[in-house]
């Protein structure tokens, strides 16, 4: 079955710790994205990558980092510099080029205590 | 600067009636528009899209209308079913941005039996 897998579904971390969220896809998509959702708000773009070994900042990249060493994988690290890390994080992928939909994973709920 | 806006946080309709969800945008560069459906603690799923060269696209019970002069689009669901109850997000992109989507805040649709 083709799809996007995010793990874990729920994650708890202490304040001040870095944490890495996993995202894997087997759809053979070139482009991958990380979004964040907060209550009452739409999805906001954190980082995106259109090709392996390349990525760009989205609208709210501060306090986050990513890597794209393999086509299938696009992990997101939430660093201690992120002021409000508690949120629902969504990974997506799409074919390269315009006018196409993105496919989303099931999300990771991160709670920082 | 909210480039995609969904001004109604919630909408309640009776089963069998029409649901109309609205979305406005400000960026005239947008040329591709999408609607996603989202259940709590899950990733969004793609519903329907429309290119800016069209003013209507239909898929079963779902129809999207685009009014470029008014920078407005709407999603019509006919007939509405209780299983349609979810949050609906409007999203937009433009040619070179690929699937770098800009999302609205979402509208919670409740279909009452």
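Residue numbers (the numbering used here), protein chains in the order written: chain A, 93 to 205; chain B, 528 to 640.
Note that beta-carbon positions come from the ideal geometry of N, C-alpha and C, so glycine has one too.
7 angstroms Cβ cut-off: residues of chain A touching residue 628 (chain B): 194
Determine the direct distance from the alpha carbon of residue 590 (chain B) to that of residue 583 (chain B), and round the result to whole angstroms. Distance between the alpha carbons of residue 583 (chain B) and residue 590 (chain B) is about 7 angstroms.
Could you check the C-alpha separation between residue 189 (chain A) and residue 110 (chain A) for me, to the nearest Å? 33 angstroms
For residue 601 (chain B) and residue 557 (chain B), the rounded distance between their alpha carbons: For residue 557 (chain B) and residue 601 (chain B), the distance between alpha carbons rounds to 15 angstroms.
Leaving out the 5 sequence neighbours to the left and right, which residues in its chain are closer than 7 angstroms to residue 121 (chain A) when beta-carbon positions are compared? 185, 186, 187
With a floor of 3 residues, list each beta strand (DSSP E) that falls wholly inside the segment 576-617 of chain B, ordered by position along the chain. Every beta strand (DSSP E) of 3 residues or more that sits fully in the segment 576-617 of chain B is shown, in chain order, as 583-586, 589-594, 599-604.
Below 8 angstroms between beta carbons: does that hold for residue 139 (chain A) and residue 123 (chain A)? no
If we call anything under 8 angstroms between Cβ atoms a contact, is residue 224 (chain A) one with residue 196 (chain A)? Chain A is shown only over 93 to 205; residue 224 (chain A) falls outside these bounds and no answer can be derived.
Find the residues of chain B that neighbour residue 198 (chain A), judging by a C-beta separation of less than 7 angstroms, and give them in chain order. 569, 570
Residues near residue 577 (chain B) in its chain [Cβ-Cβ closer than 6 angstroms; skip 5 each side]: Contacts found: 560, 584, 591, 593.
Considering just the uninterrupted stretch of the beta strand (DSSP E) at residue 104 (chain A), what are its terminal residues? 102-105
Quick check on the burial criterion: 16 or more other C-beta atoms within 10 angstroms. Buried or exposed for residue 552 (chain B)? buried
What residues in the segment 577-611 of chain B have a beta carbon less than 8 angstroms from any beta carbon of chain A? 578
Reference residue 144 (chain A); option with closest CA among A:152, A:201, A:163: A:163
By the DSSP assignment, the beta strand (DSSP E) with residue 556 (chain B) in it spans what residues? Note, residue 556 (chain B): premise wrong, no beta strand (DSSP E); not H, not E.
From the DSSP secondary-structure annotation, give me the bridge partner or partners of residue 201 (chain A). A:102, A:180
Looking at C-alpha atoms only, which residue of A:203, A:179, A:191 is the closest neighbour of residue 126 (chain A)? A:179
Does any residue of chain B bring its CB to less than 8 angstroms from the CB of residue 137 (chain A)? yes
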